[in-house]
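Colleague:
There are 2 protein chains.
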Amino acid sequence: MLSVEEALAGILAQSNRLPSEAVSLMEAQGRVLAEAITAECDLPPFDNSAVDGYAVLSTDTESASSDTPVTLRVIGEVVAGELAEQQLLTGAAIRVMTGAPMPVGADAMVMVEDTRLGGGNTVQILLPARKHDHIRFRGEEVRQGDTVLTEGTPIYSTQIGLLARAGHGQVRVYRRPRVAVISTGDELIGIEEPTPPLGKIRDSNRYALGSMVQEAGAILHSLTHIPDDLEATEAAFRQCVDSGADVIVTAGGVSVGDRDYVKPVLEKLGRLEFWRIAMKPGKPLAFGQIGNTLFFGLPGNPVSAMVTFELFARPALRKMAGYPDNAIMRPIIAVTLSEPIPHTPPRREYARAIVTLEQSGFVATTTGNQGSSRLSSMMGANALIVIPEYSNGLDAGEQAQALLLNLK
Amino acid sequence: MLSVEEALAGILAQSNRLPSEAVSLMEAQGRVLAEAITAECDLPPFDNSAVDGYAVLSTDTESASSDTPVTLRVIGEVVAGELAEQQLLTGAAIRVMTGAPMPVGADAMVMVEDTRLGGGNTVQILLPARKHDHIRFRGEEVRQGDTVLTEGTPIYSTQIGLLARAGHGQVRVYRRPRVAVISTGDELIGIEEPTPPLGKIRDSNRYALGSMVQEAGAILHSLTHIPDDLEATEAAFRQCVDSGADVIVTAGGVSVGDRDYVKPVLEKLGRLEFWRIAMKPGKPLAFGQIGNTLFFGLPGNPVSAMVTFELFARPALRKMAGYPDNAIMRPIIAVTLSEPIPHTPPRREYARAIVTLEQSGFVATTTGNQGSSRLSSMMGANALIVIPEYSNGLDAGEQAQALLLNLK
């Protein structure tokens with residue numbers, strides 16, 4: 001049997017970053033930058049005021065105090081978006097709004113709160129300005145041509161702002177993988193059908209895995225179901241490949257049963273690596289390729305399907321979308337167990353758990369019965385506790401490692 | 409001046425959950441459930457096998473071992489999706505696949521790995537089965553009519569699976585707020601225009617705030633810019649309200665300047681509460697309503713706009729979308745500072761920081777120069793360190809509180 005790490009390494013080695021494409025700025029959110037972005041001009045692009053107030057010559061204000069204000073003649077005003085028309089000479093002040101350009105000759109700003117209106121177009125300065133007070137200088141944040149974002153950066157709101165500031169209405173990002181999700185099994189009834197007759201059950205894998213595809217930042221290419229039938233299986237896989245799916249994810253049909261057609265069809269159309277992985281839930285995993293389409297044959301038990309998607313398919317999808325290494329895998333944290341967790345060697349186990357952040361650190365509590373058909377054991381789970389292969393069970397209060405899916 | 413808590417409490421008191429709407433199952437991802445969901449049938453709906461193997465009468469296998477196997481006649485097969493046609497009597501076995509119904513009369517499953525094929529339609533049982541081995545009993549996970557999801561539950565992939573299993577092709581969720589984003593200022597140049605002439609700068613707020621709206625799970629209703637003009641401001645606000653925006657977010661134009669038109673127009677069309685909040689960045693905040701549309705007038709400095717959106721607008725949007733209390737606010741964590749952070753009373757400061765999870769716990773490092781016009785100080789930031797109002801600065805190694813925006 002393979003270890004989880006061996007299987008994942010094999011999968012990531014075959015998961016290649018997709019080509020880039022140009023998208024509009026607001027569509028770039030959540031994508032990964034496929035080009036370096038440089039500043040189109042100095043930032044700020046010109047010396048400007050950081051406050052609403054008066055541009056002055058600092059030497060004019062040296063003796064100013066609220067008892068002995070310095071009176072200056074107001075010779076003009078500059079608002080944001082305009083240029084100062086006059087040059088500032090000694091004895092004068094120019095009113096300047098936040099973000100507006102500094103008038104030529106001025107070397108400091110006095111905040112409006114530190115002034116009083118005088119009579120006849122004058123202003124009283126109530127405290128001395130130091131040279132360069134409240135001025136943002138051209139290029140002090142970024143120089144024209146500087147790299148402001150590097151290739152491979154995930155794009156969130158700050159990056160959207162930085163791209164806008166660099167004048168990019170369009171941006172090159174890596175393409176997101178298109179993922180076809182297929183559930184298999186004669187016993188499955190979709191949500192569009194009435195209550196299942198005896199012997200049939202509602203399909204949940206198709207929808208839960210489709211949702212996980214979207215949560216991973218990939219595109220849900222299609223969502224289908226195939227019966228336990230050789231020809232239907234082959235036709236479905238061909239259809240996914242021909243319609244441009246980058247990845248096929250199936251649930252079920254990879255067991256040792258006579259009616260498990262996923263493996264034979266994958267072997268016929270492409271290349272199959274069938275792994276028994278030393279883990280629980282989710283021992284069997286069919287991985288391979290049909291042409292350039294990656295293939296994940298996940299087990300059919302709902303929890304096994306979701307956990308193996310999380311551990312193996314999600315990192316592949318993230319890598320294909322261009323995410324950097326630290327955004328491909330989930331964070332691994334140290335947790336203190338609030339309860340004992342039984343375990344029998346030799347398979348590593350992933351227990352669904354609720355992790356909360358307490359004064360003492362992260363505390364983990366399992367979601368109860370961990371049967372792999374119990375979808376409700378995923379309810380509220382925000383972490384997977386890693387129970388080592390040869391553990392004979394973990395005690396309450398013991399430390400363990402956990403994959404953090406999200407933090408509440 | 410108001411405290412951050414007072415301002416937020418005032419805002420949340422006026423942020424009402426929006427009405428519900430029906431959406432298709434796969435559109436429900438990331439939304440909040442507006443109805444309780446009950447099980448349409450027992451789960452599992454019938455006794456079924458947890459393994460591929462043979463249904464037996466456990467008493468028939470009491471003496472079985474690999475040296476002295478018990479030989480049973482195989483009288484049939486049940487695959488998933490079908491019903492057992494025969495009743496099991498002593499001396500017989502029925503092959504049953506994972507998930508398929510248990511035949512009447514059988515009380516245990518023997519895994520195929522614990523059997524050997526015998527001659528002439530027989531199977532050799534290699535170890536004794538205990539009563540109820542490997543059977544999943546009807547209703548052991550959920551009883552028909554039980555509540556499987558409560559109203560107010562955020563819907564992620566597990567919930568999508570549970571909704572599918574409960575037969576819900578459609579589901580009632582709370583409506584997401586439609587948010588109009590408007591940047592103000594004559595100095596701003598959009599991404600569709602060529603390099604800004606002297607005196608003008610690229611607008612980043614419009615796009616960064618638009619992106620934050622989407623990251624909060626809300627709908628970006630519109631993304632516009634208005635010049636510093638009374639009539640244009642009034643027309644823009646009316647247009648947002650008339651076209652059904654639930655929330656208007658503006659950036660800039662809320663200062664004390666003569667050309668700040670946001671407050672007078674809001675006062676004319678609706679109700680204004682203008683707050684000076686004891687925080688940095690982002691002291692001034694105009695909050696109010698025009699009809700039923702909530703209004704957030706954020707400051708114009710890029711960092712101030714993003715931090716005030718995070719602290720005040722995002723919680724309001726999350727509450728309107730129906731999120732429970734623990735998903736409205738960001739988690740607050742204790743961090744150890746890797747460096748000193750200067751501070752001058754009396755305003756609370758939010759320092760942009762990179763928080764990493766080390767052996768010792770969360771460690772925070774600021775993103776450098778914290779000038780509120782420096783959008784690049786948001787780069788990589790995944791947390792906001794809270795510097796208390798009356799602190800005279802924090803030391804390296806000191807503990808502080810931080811809002812965790814995301815965990816790398």
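So the sequence lines, in the order shown, correspond to chains A and B. Under our numbering, the first residue of the first sequence is numbered 1, with each subsequent residue one higher. Under our numbering, the first residue of the second sequence is numbered 409, with each subsequent residue one higher. Note that beta-carbon positions come from the ideal geometry of N, C-alpha and C, so glycine has one too.
#1: Per DSSP, which one or two residues make a beta bridge with E429/B?
#2: Considering I328/A, what are the terminal residues of the alpha helix (DSSP H) in which it resides?
#3: With DSSP run on the structure shown, which of helix, strand or coil describes V815/B?
#4: Counting beta carbon pairs with one atom in the stretch 645 to 654 of chain B and one in the stretch 580 to 590 of chain B, are three or more of them shorter than 8 Å?
#5: Can you give the Cα-Cα distance for I94/A and G118/A, rounded to whole angstroms?
#6: Is any heavy atom in the ligand GDP found nearer than 6 Å to the beta carbon of S471/B?
#7: Who are the near neighbours of V715/B in its chain, counting only those whose CB is closer than 6 Å to its CB and skipping five residues on each side?
#8: So who's on the other strand from P101/A, going by DSSP bridges?
#9: Looking only at C-alpha atoms, which of P477/B, R782/B, N800/B and G769/B sits nearest to A810/B?
#10: Shorter than 7 Å from the beta carbon of V487/B to some beta carbon of chain A?
#11: Using the Cβ count rule (16 or more neighbours within 10 Å means buried), how would you classify F312/A?
#12: On the DSSP bridge assignment, give the partners of I741/B in chain order.
#13: Determine the burial state of H542/B: buried for a count of at least 16 other Cβ atoms within 10 Å of its Cβ, exposed for fewer.
#14: How would you list, in chain order, the residues of chain B whose beta-carbon sits under 7 Å from the beta-carbon of T195/A?
#15: Quick check on L815/B - is its C-beta less than 7 Å from some C-beta in chain A?
#16: Kindly indicate if chain B contains any beta-carbon less than 7 Å away from that of F274/A.
#17: Taking the beta carbon of A235/A as the centre, do at least 16 other beta carbons fall within 10 Å, making it buried, or is it exposed?
#18: List the endpoints of the continuous beta strand (DSSP E) containing L220/A.
#19: Nearest by alpha-carbon distance to E310/A: which of G322/A, D146/A and M329/A is it?
#20: Counting contacts by CB-CB distance shorter than 7 Å, is T641/B in contact with chain A?
#21: Which class does P315/A belong to by DSSP, given the choice of helix, strand or coil?
#22: Is the stretch 411 to 423 of chain B close to the stretch 509 to 518 of chain B, with three or more CB pairs under 8 Å?
#23: Tell me whether the beta-carbon of E448/B lies closer than 7 Å to the beta-carbon of G575/B.
#24: So, for E358/A: in the same chain, excluding its five sequence neighbours on each side, which residues have a beta-carbon less than 8 Å away from its beta-carbon?
#25: Could you check whether A640/B and S591/B sit closer than 7 Å to each other, using their CB atoms as the reference points?
#26: Pick helix, strand or coil for V241/A, following the three-state DSSP scheme.
#27: Which residues does DSSP pair with M279/A in a beta bridge?
#28: At the level of alpha carbons, what is the spacing between V743/B and R314/A?
#29: Among the candidates K539/B, R573/B, F645/B and P748/B, whose CA atom is the shortest distance from the CA of N700/B?
#30: Quick check on DSSP: helix, strand or coil for T38/A?
#31: Starting from T555/B, find everything on chain A with Cβ-Cβ shorter than 9 Å and list it in chain order.
#32: Check the Cβ-Cβ distances between S591/B and every residue of chain A, and say whether any is below 7 Å.
#33: Using a Cβ-Cβ cut-off of 6 Å (strictly less than) and excluding sequence neighbours within five positions of N121/A, which residues of its own chain qualify?
#34: Measuring CB to CB, does L631/B end up less than 7 Å from V621/B?
#35: Considering Cα atoms alone, identify which of A488/B, E559/B and V464/B is closest to S428/B.
#36: Given that a residue counts as buried once 16 or more other Cβ atoms are within 10 Å of its Cβ, and exposed if not, what is E413/B?
Modeller: Checking against the coordinates, here is how it stands:
#1: V581/B
#2: D325 to I328
#3: Residue identity differs from the one stated: residue 815/B is Leu in this sequence, not Val. Of the three classes helix, strand and coil, the one that applies to L815/B here is coil, per DSSP.
#4: yes
#5: 14 Å
#6: Within the structure as shown, the ligand GDP is missing, as the structure has no ligands at all.
#7: P689, G690 and Y758
#8: N48/A
#9: G769/B
#10: yes
#11: buried
#12: A810/B
#13: buried
#14: E448, C449 and G575
#15: yes
#16: no
#17: exposed
#18: I219 to I226
#19: M329/A
#20: no
#21: helix
#22: no
#23: yes
#24: none
#25: no
#26: helix
#27: R348/A
#28: 30 Å
#29: F645/B
#30: strand
#31: Chain A residues near T555/B: none, gap ~11 Å exceeds 9 Å.
#32: no
#33: V74
#34: no
#35: E559/B
#36: exposed
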